[in-house]
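Student:
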Amino acid sequence: MTDQNIEHKVAQQTPESATQTRRAFLKGGVAVAGGVMFSQAASAGYDPKAAVAGYEGQKEITDPLARPVERNKLGYGVRTYPYGMPSKYEDHVQRRTLDWLTPDTYASITMSPLHQLHGIITPNGLHFERYHGGMPEIDPKEHKLVIHGLVERPLVFTMEDLKKFPAVSRIHFIECPANGAMEWKGVQVDSVQWTHGMMSCSEWTGVKLSTLLKEAGVDPKASWVIPEGSDASAMSRSIPMEIAMDDTIVAWAQNGEALRNEQGYPIRLVPPGCEGNMWVKHLRRLYVTNEPLQHREETSKYSELYGDGSAVRFSWVNECNSVITYPSPDFKMDGPGRYVVKGIAYSGRGKIKNVDITMDGGRTYHEATLTSHVLDKAWTRFEYEFDWDGSELFLQSRATDETGYTQPQAPQLREKRGTNPVYHRNAMVTWRVHAWNSDRAGVIDNVQF
Amino acid sequence: MFNSKKTMIAGLVALAAGATLTGCNETAPKASAAEASDVSRIAYLDPAIHGDKFGTREEKRNNPDHPYSSEVAGETGSDQCRTPSGFTEVWDSAEKHMNSAHSTYGYGQPISESAITGDWRLSALGDGTNLPPEGVGDTIARGEELFQMYCAACHGEFAEGNGHYLPLAGGPTDMTDNGGPMPVKTISNYWPYAISWFDYARRAMPFFQPNHPDIGDAGYLAITGWVAYTGGYTTIDGQEIDEDTFFDSKLLVKLNEEVKAKNNVNYFCDPRPEVHNVRCGLNGDKCPDAVVGNGKGEIKFKEALINPVTGLPQYNTNQRP
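Keeping their order, the protein sequence lines are chains A and B. Per this note's numbering, residue -1 is the first one in the first sequence, and the count goes up by one each step. Per this note's numbering, residue 435 is the first one in the second sequence, and the count goes up by one each step.
(1) At a CB-CB cut-off below 7 angstroms, which residues of chain A make contact with W525 of chain B?
(2) Which one of B:L686, B:G729, B:H646, B:E505 has the shortest CA to CA distance from G585 of chain B?
(3) So V190 of chain A is in the alpha helix (DSSP H); what residue range does that whole segment cover?
(4) Quick one: which chain A residues come within Cβ less than 9 angstroms of H646 of chain B?
(5) Any residues in the stretch 712 to 733 of chain B with a beta carbon nearer than 7 angstroms to a beta carbon of chain A? Which ones, in chain order?
(6) Thinking C-alpha only, which one of B:V661, B:M532, B:G718, B:I550 is nearest F632 of chain B?
(7) Considering Cα atoms alone, identify which of A:H146, A:P225, A:D443 is closest to I247 of chain A.
(8) Give me the chain B residues within the contact set of H146 of chain A, using Cβ-Cβ distance strictly less than 8 angstroms, ordered along the chain.
(9) For I374 of chain A, which of B:P498, B:V524, B:K694 has the nearest alpha-carbon?
(10) Going by DSSP in three states, V699 of chain B sits in which element: helix, strand or coil?
(11) Using a Cβ-Cβ cut-off of 8 angstroms, state whether Y599 of chain B counts as contacting chain A.
(12) Going by the CB atoms, is the gap between R282 of chain A and T297 of chain A shorter than 8 angstroms?
(13) If you check the beta carbons only, do S313 of chain A and E302 of chain A fall under 8 angstroms apart?
(14) For N227 of chain A, list the residues DSSP reports as bridge partners.
(15) Would you grab the beta carbon distance between W277 of chain A and V268 of chain A for me? Rounded to a whole angstrom, and I think it's under 8 angstroms.
(16) With a threshold of 8 angstroms between beta carbons, is T95 of chain A in contact with chain B?
(17) Does the beta-carbon of Y87 of chain A have 16 or more other beta-carbons within 10 angstroms, so that it is buried, or is it exposed?
(18) Of all the alpha helix (DSSP H) runs that stay within the bounds of the stretch 545 to 607 of chain B, which reach a length of 4 or more residues?
(19) Determine, for T203 of chain A, whether the minimum Cβ-Cβ distance to residues of chain B falls below 8 angstroms.
(20) Check whether the Cβ atoms of L655 of chain B and D682 of chain B lie closer than 8 angstroms to each other.
(21) Name the residue from A:P334, A:D97, A:G262 whose alpha carbon lies nearest to the alpha carbon of E135 of chain A.
(22) If the criterion is Cβ atoms closer than 8 angstroms, does the pair G542 of chain B and D399 of chain A meet it?
(23) Run the CB neighbour count on M532 of chain B, radius 10 Å, all protein chains shown included, and call it buried at 16 or more, exposed below.
(24) Check the DSSP bridge columns for H170 of chain A and list the partner residues they point to.
(25) For the structure I just gave you, are there three or more beta carbon pairs, one from the stretch 111 to 127 of chain A and one from the stretch 207 to 223 of chain A, closer than 8 angstroms?
(26) Need the endpoints of the alpha helix (DSSP H) that R491 of chain B sits in, please.
(27) With DSSP collapsed to three states, give me the class of A467 of chain B.
(28) Compare the C-beta of V743 of chain B with all C-beta atoms of chain A and state if any pair is closer than 8 angstroms.
(29) Roughly how many angstroms lie between the CA atoms of S466 of chain B and S527 of chain B, to the nearest whole one?
(30) What's the gap between the Cα of G229 of chain A and the Cα of A724 of chain B?
(31) Quick check on the burial criterion: 16 or more other C-beta atoms within 10 angstroms. Buried or exposed for D102 of chain A?
(32) Identify the continuous beta strand (DSSP E) that holds I322 of chain A and give its terminal residues.
(33) Are any of the Cβ atoms in chain A nearer than 8 angstroms to that of Y634 of chain B?
(34) Along chain A, in chain order, which residues have C-beta atoms closer than 7 angstroms to that of E585 of chain B?
(35) Taking CB distances under 8 angstroms as the criterion, tell me whether F581 of chain B reaches chain A.
(36) Give the residues of chain B in contact with Y285 of chain A, contact being defined as C-beta atoms less than 7 angstroms apart.
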């Protein structure tokens, strides 16, 4: 597509535009094309000369390239770092928190740097954190998992026991339902790390919960499973049996290695598509019942206060959502020219079907290309190429999942739910790209319709 | 549970799918798992079946038979919720897993239910299961003493909160959205179950040493009683309570009924999907005003204030969500 677009512009080239800089040239080409900003070129064969036409008129480097400094000495040897770490030049890529968001660091959250991540797998060290009572460091030799309640044979498992069971490995996103919570009342944060960073996506390996429940002889008439963690908050939720028996995993590994402490070492619950709070970490107990716990974490918290004063609870699934990670407020446009919009789409109800990009605040859309594996309840990457003519943009992405559900605009959500729900805000976000000829040329702001 | 649900769901899907599933009766969509899943998803998205909406919250609350209602028949009022029957792929998969044969791996070790006690049986369910026996408790006055000793540093002397630690009790009675800050949620105006106050305090408080042995079940019950009393629950089951009242699980269960009648009635099961968009605006099409910009077709938006000195966005970072 890139080459074709350039050819298209070459075909429209005028004598004036040939003398302009590359970016201005591209702009000129588009302008001549009749004001069609996001033109899709007609198919034409590959022509090497046409392919590089955009560089015409740019200053050429003529000084010989210098020898790189690292070539002057021997690098370090193997096993200098028995557990490898990212390059020292990547140390700015970190999970971060907003100090004003929580009263302390023990019941707090950090966000993943979505604008600095690539692909659909979140590196374990950059996975967002959410603690409710500090982070325990559990000795796996001492750890136990108890299954009891409405079962034929209450059982206790060691970590060794669990790992003998048949295992599955699945790639799924986990998202805190408070992702985007700060934005219900209006714009509050200026980075995709803050607006959407309470989520990550990993490959989780473990035994299916249905296998463990049946191993204990679960009563087919039981309706709830209540997982409990071994952290200081003894985190607990009520999971309906249909989700427990569907695709839920008791996982001991993420992305090929043991779970990190922050992700619930040595085992956590993985109910795909469900809100992060249900993915109970440091899992120590599975209590099978016919009554939900009605725990604080599923009544007073993790319930949505709607505009009319009523509340919603047991809102388990994270609905279809997406966000543009580039261009986004952490970046600045560097003049008119070619840009590739990049982002992440996901749905707790299945696979992503389509992602559409609008640049005019929702009047017209362009279908993006899905550029990663498209997996059930997993991050899916999308991209869309366009030529920016320097005008003001209202960039949004709109995802549709395989159930046919399409992500709403913010006014649609507000109309039905008001501005107090806190959780499950899956509205399209809007990045305002300031016009190149304005005093904030190319700056990208988070705004809200 | 899955067999009975399945029959119901099959009926619902057949009913909902109507014309598109010609010839299907209620035992019908039973081809391969993949096909069954497709059938349910087509039913989900087909505007011919559900129009431009998936049903309102009220419709779903009042009609647990609605394919996208999370309410449980006979339980309307949200004590129990479930995955909507319309999500047949979830039910199909769960049913398949439940009904497939399982022979013992034998990797676990049997444990007696009676050995699962103390810190391993913290969960006091909404219906009162696992509460300490009647007679274990203390006076509300003792609850206040313990609260001042273990809780007041964060929660305030009168449970009114302390800075970022929000109030436990009190707060507005009007919980509707007036455009201002979100109403603070407390045991008085929001928490739907009193049993969960006790459950949460015992399992997770005091923050730095939860399930504190010096407080014990009796102490946690007394604290729960005092917080309730402070939060305006001064009459339980027609009886006035005061500092001399002995608060145990018997009183807690009665208080639970009071609180449910006041707050739990405001809860719905998950009504979603109830807000959704349409894939408009592609290939020369233009989206209708309702989904453009501010919902009226205008590009009017809220933005963070610009700092007049630095010229940078001044985000409203001192307001908690």
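Every residue gets a Cβ at the ideal spot worked out from N, C-alpha and C, and that includes glycine.
Tutor: Taking the definition as stated:
(1) The count along the second sequence starts at 1 and reaches residue 525 of chain B at position 91. Within chain A, the residues near W525 of chain B are E240.
(2) What you label residue 585 of chain B is simply residue 151 of the second sequence in a count that begins at 1. One point to set straight first is that residue 585 of chain B is Cys, not Gly, in the sequence displayed. Measuring C-alpha to C-alpha distances from C585 of chain B to each of B:L686, B:G729, B:H646, B:E505 identifies B:H646 as the nearest.
(3) Translated into the one-based positions of the first sequence, residue 190 of chain A becomes position 192. Counting along the chain, the unbroken alpha helix (DSSP H) around V190 of chain A starts and ends at 190 to 194.
(4) Within the second sequence, the letter at position 212 stands for residue 646 of chain B. Using a Cβ-Cβ cut-off of 9 angstroms, H646 of chain B is close to nothing in chain A; its nearest Cβ partner there is about 12 angstroms away.
(5) Of all residues in the stretch 712 to 733 of chain B, V712, R713, G715, L716, K720, C721, V725, V726, G727, N728, G729, I733 have a Cβ within less than 7 angstroms of some Cβ in chain A.
(6) Sequence index remark: in the second sequence, residue 632 of chain B carries index 198 (1-based). For the options B:V661, B:M532, B:G718, B:I550, the alpha carbon positioned closest to that of F632 of chain B is the one of B:V661.
(7) Locating residue 247 of chain A in the first sequence gives position 249, where the first residue counts as 1. Minimum Cα distance to I247 of chain A is reached at A:P225.
(8) In the first sequence, the residue the question calls residue 146 of chain A occupies position 148. Near H146 of chain A (Cβ distances below 8 angstroms), the residues of chain B are I545, E547, I550.
(9) As a first step, residue 374 of chain A must be located in the first sequence, where it is residue number 376. Checking the displayed sequence, the identity of residue 374 of chain A turns out to be Asp instead of Ile. Checked all of B:P498, B:V524, B:K694; the closest Cα to D374 of chain A is B:V524.
(10) Your numbering for residue 699 of chain B matches position 265 in the second sequence. Secondary structure at V699 of chain B: helix, using DSSP grouped into helix, strand and coil.
(11) As a position in the second sequence, residue 599 of chain B is number 165, starting the count at 1. So, interface residue.
(12) The residue labelled residue 297 of chain A in the question sits at position 299 within the first sequence. The residue labelled residue 282 of chain A in the question sits at position 284 within the first sequence. No.
(13) One-based indexing of the first sequence puts residue 313 of chain A at position 315. One-based indexing of the first sequence puts residue 302 of chain A at position 304. The Cβ-Cβ distance between S313 of chain A and E302 of chain A falls below 8 angstroms.
(14) Position 229 of the first sequence, counting from 1, holds the residue named residue 227 of chain A. According to the sequence as given, residue 227 of chain A is Gly; it is not Asn. Residue pairing from DSSP places G227 of chain A in a beta bridge opposite A:L281.
(15) The residue labelled residue 277 of chain A in the question sits at position 279 within the first sequence. The residue labelled residue 268 of chain A in the question sits at position 270 within the first sequence. Indeed, because the Cβ distance is near 6 angstroms, the residues count as touching under 8 angstroms.
(16) Within the first sequence, the letter at position 97 stands for residue 95 of chain A. Proximity of T95 of chain A to chain B, defined by a Cβ-Cβ separation below 8 angstroms, is not satisfied.
(17) As a working mapping, residue 87 of chain A is identified with position 89 in the first sequence. Flag for Y87 of chain A reads exposed.
(18) 574 to 584, 586 to 589, all fully within the stretch 545 to 607 of chain B.
(19) Locating residue 203 of chain A in the first sequence gives position 205, where the first residue counts as 1. No, because no Cβ of chain B sits closer than 8 angstroms to the Cβ of T203 of chain A.
(20) For the purposes of this step, residue 655 of chain B is taken as the residue at position 221 of the second sequence. For the purposes of this step, residue 682 of chain B is taken as the residue at position 248 of the second sequence. Using a Cβ distance threshold of 8 angstroms, L655 of chain B and D682 of chain B count as a contacting pair.
(21) Counted from its first residue, the first sequence places residue 135 of chain A at position 137. Comparing Cα positions, the closest option is A:G262.
(22) Position 108 of the second sequence, counting from 1, holds the residue named residue 542 of chain B. Position 401 of the first sequence, counting from 1, holds the residue named residue 399 of chain A. Contact flag unset, no.
(23) Stepping through the second sequence from its first residue, residue 532 of chain B is reached at position 98. Buried: at least 16 other Cβ atoms inside 10 Å.
(24) Position 172 of the first sequence, counted from the first residue, corresponds to residue 170 of chain A. For H170 of chain A, which the question treats as bridged, DSSP gives the partners A:S200.
(25) Between the stretch 111 to 127 of chain A and the stretch 207 to 223 of chain A, the count of C-beta pairs closer than 8 angstroms stays below three; the two stretches do not touch.
(26) Locating residue 491 of chain B in the second sequence gives position 57, counting from the first residue. Segment 491 to 496, the alpha helix (DSSP H) holding R491 of chain B.
(27) For the purposes of this step, residue 467 of chain B is identified with residue 33 of the second sequence, where counting begins at 1. For A467 of chain B, the pLDDT reaches just 40, beneath the cut-off of 50, and the residue's location in the model is therefore unreliable, leaving the point undetermined.
(28) The sequence position of residue 743 of chain B within the second sequence is 309, counting from 1. Chain A, which has no Cβ nearer than 8 angstroms to the Cβ of V743 of chain B, makes this no.
(29) Against the second sequence, residue 466 of chain B aligns to sequence position 32. Against the second sequence, residue 527 of chain B aligns to sequence position 93. With a pLDDT of only 39 at S466 of chain B, under 50, the local geometry of the prediction cannot be trusted, and the value read off the model is given with reservation. If I take the Cα positions, the gap works out to 12 angstroms.
(30) Reading the first sequence from its first residue, position 231 is the one you call residue 229 of chain A. Reading the second sequence from its first residue, position 290 is the one you call residue 724 of chain B. Reading off the sequence shown, one finds Asp at residue 229 of chain A, where the question assumed Gly. Using only the alpha carbons, I get a separation of about 46 angstroms.
(31) On the first sequence, residue 102 of chain A is found 104 positions in, with the first residue counted as 1. Exposed, by the Cβ-count rule.
(32) Locating residue 322 of chain A in the first sequence gives position 324, counting from the first residue. Its beta strand (DSSP E) spans residues 319 to 324.
(33) On the second sequence, position 200 is the one that residue 634 of chain B refers to. Taking a beta-carbon distance threshold of 8 angstroms, Y634 of chain B counts as an interface residue toward chain A.
(34) Taking the second sequence and counting its residues from 1, the one referred to as residue 585 of chain B is at position 151. A small correction: the amino acid at residue 585 of chain B is Cys; Glu does not occupy that position in the sequence shown. Close to C585 of chain B, with beta-carbon spacing below 7 angstroms, lies no residue of chain A; the smallest spacing is near 15 angstroms.
(35) Looking up residue 581 of chain B in the second sequence gives position 147. By this cut-off, F581 of chain B is not an interface position.
(36) Here residue 285 of chain A corresponds to residue number 287 of the first sequence, with the count starting at 1. By Cβ distance, chain B contributes S557.
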